[in-house]
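Comments concern the structure below.
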Amino acid sequence: MTLNINIKDEQNKALENIKSQGLRVLVCAGTGCVANGSLKVIEKFRELGANVSTLTDYDKVTIVPTGCHGFCEQGVLVIIPDKHVTYVKVHVEDVEEIFESHVKNNKPVERLLYKDPKTGEAVHKNDDINFYAKQTRTALKNCGKINAESIDEAISVRGYEALAKVIEENNPDGVIDTIIKSGLRGRGGGGFSTGMKWKFTAANKGGKSYVVCNGDEGDPGAFMDRSVMEGDPHKLLEGMAIAGFAIGADEAYIYVRAEYPLAIKRLRKAIADAEERHFLGENIMGSNFSFTIHIKEGAGAFVCGEETALIASIEGERGMPRPKPPFPANKGLFGRPTLINNVETLANVPLIILNGAEWFSSMGCETSKGTKTFALTGEVNNTGLIEVPMGTTLRQIIFDIGGGIRGGKKFKAVQIGGPSGGCLTEEHLDISMDYDSLIKAGAMVGSGGLVVMAEDTCMVEVARFFMNFTKNESCGKCVPCREGTKNMLKILEKIVAGKGEMEDLERLEQLALTVKDGSLCGLGKTAPNPVLSTLKYFKDEYIAHIRDHKCPAGVCTAMKKIEIDPEKCKGCTKCARTCPVGAIEGTVKNPHKIDQSKCIKCEACLNACPFKAIGKK
Numbered sequence: 001m002t003l004n005i006n007i008k009d010e011q012n013k014a015l016e017n018i019k020s021q022g023l024r025v026l027v028c029a030g031t032g033c034v035a036n037g038s039l040k041v042i043e044k045f046r047e048l049g050a051n052v053s054t055l056t057d058y059d060k061v062t063i064v065p066t067g068c069h070g071f072c073e074q075g076v077l078v079i080i081p082d083k084h085v086t087y088v089k090v091h092v093e094d095v096e097e098i099f100e101s102h103v104k105n106n107k108p109v110e111r112l113l114y115k116d117p118k119t120g121e122a123v124h125k126n127d128d129i130n131f132y133a134k135q136t137r138t139a140l141k142n143c144g145k146i147n148a149e150s151i152d153e154a155i156s157v158r159g160y161e162a163l164a165k166v167i168e169e170n171n172p173d174g175v176i177d178t179i180i181k182s183g184l185r186g187r188g189g190g191g192f193s194t195g196m197k198w199k200f201t202a203a204n205k206g207g208k209s210y211v212v213c214n215g216d217e218g219d220p221g222a223f224m225d226r227s228v229m230e231g232d233p234h235k236l237l238e239g240m241a242i243a244g245f246a247i248g249a250d251e252a253y254i255y256v257r258a259e260y261p262l263a264i265k266r267l268r269k270a271i272a273d274a275e276e277r278h279f280l281g282e283n284i285m286g287s288n289f290s291f292t293i294h295i296k297e298g299a300g301a302f303v304c305g306e307e308t309a310l311i312a313s314i315e316g317e318r319g320m321p322r323p324k325p326p327f328p329a330n331k332g333l334f335g336r337p338t339l340i341n342n343v344e345t346l347a348n349v350p351l352i353i354l355n356g357a358e359w360f361s362s363m364g365c366e367t368s369k370g371t372k373t374f375a376l377t378g379e380v381n382n383t384g385l386i387e388v389p390m391g392t393t394l395r396q397i398i399f400d401i402g403g404g405i406r407g408g409k410k411f412k413a414v415q416i417g418g419p420s421g422g423c424l425t426e427e428h429l430d431i432s433m434d435y436d437s438l439i440k441a442g443a444m445v446g447s448g449g450l451v452v453m454a455e456d457t458c459m460v461e462v463a464r465f466f467m468n469f470t471k472n473e474s475c476g477k478c479v480p481c482r483e484g485t486k487n488m489l490k491i492l493e494k495i496v497a498g499k500g501e502m503e504d505l506e507r508l509e510q511l512a513l514t515v516k517d518g519s520l521c522g523l524g525k526t527a528p529n530p531v532l533s534t535l536k537y538f539k540d541e542y543i544a545h546i547r548d549h550k551c552p553a554g555v556c557t558a559m560k561k562i563e564i565d566p567e568k569c570k571g572c573t574k575c576a577r578t579c580p581v582g583a584i585e586g587t588v589k590n591p592h593k594i595d596q597s598k599c600i601k602c603e604a605c606l607n608a609c610p611f612k613a614i615g616k617k
């Protein structure tokens, strides 16, 4: 099929435009850095740059707001690629120094460079920082490197080239075959073959069909899809258009949670810009292929991450799962065949088309190809967004990329896959992070949330937290999920309150298995996973709560005992003056005591004591 737009010419124009910008200063404008003041940093850089007529090496400075760089622990991040430098934890007060010292005089500001935690030496280049050096970025390749609101910058990094390729070749079945051969599996949690899902949907020929992008990222601590939508929206749009071409669809929806206002803003602009340049809309690039993309803002219901509940929500109904079959590939949105993939899955599609199925399948492991993004959070030194080949071990992620556990604490566990996932322990540190290995271990890849926990984390409380989340997010349609999660939460609350009985453990496990087997949708079927995995690997903690009325981690308030060490107490009375309920007794210069019957365990005294004489038991 002949096109009236030469994508190579468009790329050359875009690259020339970037060259004309002079010295580019990349400032992270992802949600995390915006919250840390990056917009003020950008404003200050622009103010200083506008007054510069001549620099040592450049005659112009362009400030480029980008998507998330990923290294959230170190935000606000500023990168000057041409000068091979990355600045971390930048505040608006630092901008003038960077500008005067480095931009104008080529003298890096050493105090703002990242310091290697092991050597203490400053690291200049982004790629030399351990956090980045140990990653392999494909879906996130452009995030943090381009202006997410500029279609020209997207084109400069080969944006829409893959779409032009598939339209010119005009072989939808060939596109599907390429995706199948690549081994790409759904990155939203289920891990089903993406190419086979496309094939099943395409088989329902005749009449209207749809593409739906699931951007309803609801797992606590997860922000992988948000970062792609904010940092490289055109890659997502292109992936959707290629999917539409392959299955014969001319219309699509992006279902994105309303709590992602920046992602929504950038997606809307990207769609408008792509339509204006004829990369979306009617007769794309002069071809007979048309493809329109709409945005549907979700109301924040976790259950709408389930594909049939998502469909119901787009249709204007309450987001509640529907029985399967029929599957969306046969009868989905508005009763028509519908392809549903998540953001990360679709973001990989243009790369596979451009580089080939073999390129993608060369990464990862035997049953799980390519790379996977993870949101690394919790008790780890380097929190942030990472992307690694499938099969990478937990040890490599936590201790190489993540820099180990905060404060030199001992690693205890990691919750992977959010509320639908499970806990992995020290014995799993060398497990291959792939779909099948994690399922065998009682966990799952899920969307990619990784919450790292240290020795002072109570695993019973972790199970209670996730069960509370799931109970609140249950749509209530089926009894096992609606009533089962409620009763499981009651038992967990009873245990952390120090009122548990040994029989509760058997009841809890039976309930968990019933909910797992009897629930209608994936939310209910996976809701018990955090409970089942903590019961399996940390049953001793449950027993300690029940039998010994003790929380080994010292977290559960009802079982805390705060005491004053008479050997260390100097009788300064500060603790007594701080206590809000008058539970501390004693005279000046004499050891004090805590009346346990009055103590509310608020820890105000513990924080107030200048002699570290007060501790938890």
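Residue 528 in our numbering is what sits at position 528 of the sequence shown, and the numbering runs on without skipping anything.
For glycine and all other residues, C-beta sits at the position ideal for the given N, C-alpha and C.
**Asked** Could you give the distance in angstroms between the alpha-carbon of Lys570 and the alpha-carbon of Val588?
**Response** So the alpha carbons of these two residues sit roughly 8 Å apart.
Q) Rounded to a whole number of angstroms, what is the C-alpha to C-alpha distance between Gly190 and Leu520? A) Distance between the alpha carbons of Gly190 and Leu520: 16 Å.
| task | Using DSSP bridges, identify the partner residues of Tyr255. | result | BP columns for Tyr255 point to Asn214 and Lys296.
### Task
Work out the CA separation of Gly418 and Asp216 for me, nearest whole Å.
If I take the Cα positions, the gap works out to 14 Å.
May I ask you to report which of helix, strand or coil DSSP gives Lys115?
-> It is a strand residue.
- Where Glu379 falls: helix, strand or coil (DSSP): For Glu379, the secondary structure class from DSSP, reduced to helix, strand or coil, is coil.
(Q) Could you pull the DSSP bridge partners for Phe291 from this structure? (A) Phe291 is bridged to Gly281.
Quick check on the burial criterion: 16 or more other C-beta atoms within 10 angstroms. Buried or exposed for Thr119?
Burial call: exposed.
Discussion item. Between the alpha carbons of Ile311 and Ile293, how many angstroms are there, rounded?
Written reply: Going by the C-alpha atoms only, they are around 15 Å apart.
Problem - Which of helix, strand or coil DSSP assigns to Gln415 - result: In this structure, Gln415 counts as strand in the three-state DSSP scheme.
- Throw me the rounded Cβ distance for the Ala512 and Val531 pair, which I believe falls under 8 Å. Between Val531 and Ala512 the Cβ distance is about 5 Å, and since that is below 8 Å, they are a contact.
task: Can you have a look at Asn106 and say buried or exposed, based on whether 16 or more other CB atoms are within 10 angstroms of its CB?
output: Burial call: exposed.
>> Could you check whether the stretch 31-41 touches the stretch 311-321, counting it as contact only if at least three pairs of C-beta atoms, one from each stretch, sit closer than 8 Å?
In response: Touching, no, given that fewer than three Cβ pairs across the two stretches are closer than 8 Å.
So, are the CB atoms of Val462 and Met453 less than 8 Å apart? Yes. Within cutoff.
**Prompt:** For Gly305, which residues of its own chain have a beta-carbon under 7 Å away from its beta-carbon, when the five flanking residues on both sides are left out?
**Reply:** For Gly305, where only same-chain residues beyond five positions count, the Cβ hits under 7 Å are Asn214, Asp216 and Gly218.
Classify His84: buried if its beta carbon has 16 or more other beta carbons within 10 angstroms, exposed otherwise. For His84, the number of other beta carbons within 10 angstroms of its own is below 16, and it is reported as exposed.
Practice item. Please name the residue, chosen from Ile151, Ser227 and Pro81, that lies closest to Glu344 on a Cα-to-Cα basis. Key: Across the set Ile151, Ser227 and Pro81, the C-alpha of Ser227 shows the shortest separation from the C-alpha of Glu344.
Exercise. State the start and end residues of the unbroken beta strand (DSSP E) segment that holds Val85.
Key: Here the beta strand (DSSP E) through Val85 covers Val85 to Tyr87.
Thr514 - containing alpha helix (DSSP H), residue span = For Thr514, the uninterrupted alpha helix (DSSP H) segment begins and ends at Glu503 to Gly518.
- Item | For Ile386, the nearest candidate out of Glu73, Leu505, Lys8 and Ser209 (CA to CA) | Residue Glu73 is the option with its Cα nearest to Ile386.
(Q) I need the DSSP call for Cys458, collapsed to helix, strand or coil. (A) Three-state DSSP puts Cys458 in coil, outside helix and strand.
Report task. Identify, in the order they occur along the chain, each residue of the same chain with its Cβ nearer than 6 Å to the Cβ of Tyr87, setting aside the five sequence neighbours on each side. Result -> Non-local C-beta neighbours of Tyr87 in its own chain, meaning closer than 6 Å and more than five positions away in sequence, comprise Val78 and Leu112, ordered along the chain.
Item to complete: Return the CA-CA distance between Pro323 and Ala133, expressed in angstroms with no decimal places.
Response: Computed Cα separation, rounded: 45 Å.
Next item on the list: Would you decide whether Thr2 is buried or exposed? Buried here means 16 or more other CB atoms lie within 10 Å of its CB.
Entry: For Thr2, the number of other beta carbons within 10 angstroms of its own is below 16, and it is reported as exposed.
Could you say if the stretch 144-155 and the stretch 14-21 meet the contact criterion of at least three C-beta pairs nearer than 8 Å?
-> Verdict: yes, contact present.
Next on the checklist: Relative to the C-alpha of Ile129, which candidate in Met433, Gly442, Cys579 and Gly402 has its C-alpha closest?
Outcome noted: Per the Cα distances, Gly402.
Q) Taking Cβ to Cβ, would you say Ala222 is nearer than 8 Å to Gly449? A) A Cβ-Cβ contact shorter than 8 Å links Ala222 with Gly449.
- Task: Would you check if there are 3 or more beta carbon pairs closer than 8 Å linking the stretch 227-239 to the stretch 388-397?
- Result: Taking one beta carbon from each stretch, the stretch 227-239 and the stretch 388-397 have fewer than 3 pairs nearer than 8 Å; the two do not touch.
- request: Just the C-alpha distance for Leu339 and Phe302, rounded to the nearest angstrom, thanks.
  value: Roughly 20 Å between the two C-alpha positions.
Checklist line | Residue environment, Phe334, which counts as buried when at least 16 other CB atoms sit within 10 Å | finding: Label assigned to Phe334: exposed.
Restricting to Cα atoms, I'd like to know which of His549, Lys19, Val90 and Val380 is closest to Gly404. The shortest C-alpha separation from Gly404 is found at Val380.
* Asked: Counting along the chain, where does the beta strand (DSSP E) carrying Thr66 start and finish?
  -> Counting along the chain, Thr66 sits inside the beta strand (DSSP E) bounded by residues Val61 to Thr66.
ask   = From Gly500, Cys481, Ala413 and Gly476, pick the residue whose C-alpha is nearest to that of Lys536; which is it?
value = When Gly500, Cys481, Ala413 and Gly476 are compared, the shortest CA-CA separation from Lys536 is found for Ala413.
Subject >> Three-state secondary structure (DSSP) of Gly286 >> reply: Helix at Gly286.
Three-state secondary structure assigned by DSSP to Ala122: Strand, per DSSP.
Item to complete: Would you kindly work out how many angstroms separate the C-alpha atoms of Asp18 and Gly159, rounded to a whole number?
Response: Looking at the sequence provided, one finds Ile at residue 18 rather than Asp. Rounded to the nearest angstrom, the two C-alpha atoms are 15 Å apart.
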